[in-house]
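> I am attaching a structure below and will ask some questions about it afterwards.
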Amino acid sequence: MYVQSNALAALRPAAAVLAAGLALAACGPDHSTDCLKSNGTVITQRRALDRRLSTVTVYDNVDLTIVPDTATYAEVRAGEHIIDDITFSTPLGPQKLIIANTSRCNWVRSYDTPRQVRLHVAANHGHFIIEQYGYGLINNEGQWAQDTLFLRLWSTGDINMNVRSTYLYTDIYDAGDMTLSGTAEDFHPNLGSNGFLLASGLDARYCYFLTYREWIGDAHVRVRQNLGGTLNGTGRFFYTGTPSLIDVKGPDAGNLIKE
């Protein structure tokens, strides 16, 4: 027994080295030293963007804040050792920006350090698309005015926006929540998962919605004039306001509830 214990003790350093090697290997060939880096001091880096930008897609653990402005550019805030791992790419042209955090081994670092992008957007583009594929937060500063705005949530991340739009289209297809305030003439939510739509703070004149049979979340909207749509799934659709016309169909139309 004594000899066996000594043998096991001798193996422990080798096991530790092997575990460290596996951890580094998991970081991937382009980030083989990521696991050895600290976040570093938090700094802010300014990045130039094309004024024609009209679509933003976010991946990974990056928080995005839209800032209405007279110029278009981004401010990236993160630790100095990892800030360059927050990448911007435009493979489809300058109108579409993809934001990703390419760092690996994030599990060994503090999450108190921000990984934030403040995206300054000039004027009203006529239409703008925001796509959330990450697990951070997308929000905005003040109230953002866009004639036609698409907000698409495909992940466990959240969206919290204060907007002023003529046409507002939203999609929730995963467990993330979407919180909306402001105003919209035409509001068109599509719901297909267990995420919540919290839009009682959005003053909508018309609301036309569609829920899919996979939908098990809740939706809360406020409507002034027309409320219509199709209810599928076991989720509940709550509304406030005094719409003059209500036309809701579908196999689960009984899940429409006045708050």
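Sequential numbering from 1383 applies to the sequence shown in this note's numbering.
Where is the CB? At the ideal position from N, CA and C, for every residue including glycine.
(1) Relative to the alpha-carbon of Leu1573, which residue among Ala1566, Thr1454, Tyr1594 has its alpha-carbon at the smallest distance?
(2) Would you call Asp1553 buried or exposed, if buried means 16 or more other Cβ atoms sit within 10 Å of its Cβ?
(3) For Ser1436 versus His1502, is the C-beta spacing smaller than 8 angstroms?
(4) Out of curiosity, what's the CA-to-CA distance linking Ser1420 and Ala1566?
(5) Less than 8 angstroms separating the beta-carbons of Gly1617 and Asn1637?
(6) Contact between the segment 1524–1543 and the segment 1478–1486: three or more CB pairs below 8 angstroms?
(7) I'd like to check one pair, Phe1470 with Arg1429: are the Cβ atoms closer than 8 angstroms?
(8) Below 8 angstroms between beta carbons: does that hold for Asp1540 and Asp1559?
(9) With DSSP as the reference, label Asn1637 as helix, strand or coil.
(10) I'd like to check one pair, Val1424 with Val1499: are the Cβ atoms closer than 8 angstroms?
(11) How many Å lie between Ala1460 and Glu1513 at the Cα?
(12) Report, in whole angstroms, the separation of the C-beta atoms of Phe1619 and Leu1627, which I expect to be a contact under 8 angstroms.
(13) Considering just the uninterrupted stretch of the beta strand (DSSP E) at Gln1427, what are its terminal residues?
(14) Using the rule of at least 16 other Cβ atoms within 10 Å of the residue's Cβ for burial, across every protein chain shown, is Gly1475 buried or exposed?
This is what the structure gives:
(1) Out of Ala1566, Thr1454, Tyr1594, Tyr1594 has the C-alpha closest to the C-alpha of Leu1573.
(2) Counting Cβ neighbours within 10 Å, Asp1553 comes out buried, since at least 16 surround it.
(3) In this structure, Ser1436 keeps its C-beta atom at 8 angstroms or more from the C-beta atom of His1502.
(4) One C-alpha to the other measures close to 44 angstroms.
(5) Yes, Cβ-Cβ distance for Gly1617 and Asn1637 is below 8 angstroms.
(6) Segments in contact, no.
(7) Against a cut-off of 8 angstroms, the Cβ pair of Phe1470 and Arg1429 comes out as a contact.
(8) Yes, Cβ-Cβ distance for Asp1540 and Asp1559 is below 8 angstroms.
(9) Helix, per DSSP.
(10) For the 8 angstroms CB-CB criterion, Val1499 and Val1424 do not form a contact.
(11) Those two C-alpha atoms are separated by around 22 angstroms.
(12) Actually they do not touch by this definition, with Cβ atoms about 16 angstroms apart.
(13) Residues 1424–1430.
(14) Burial call: exposed.
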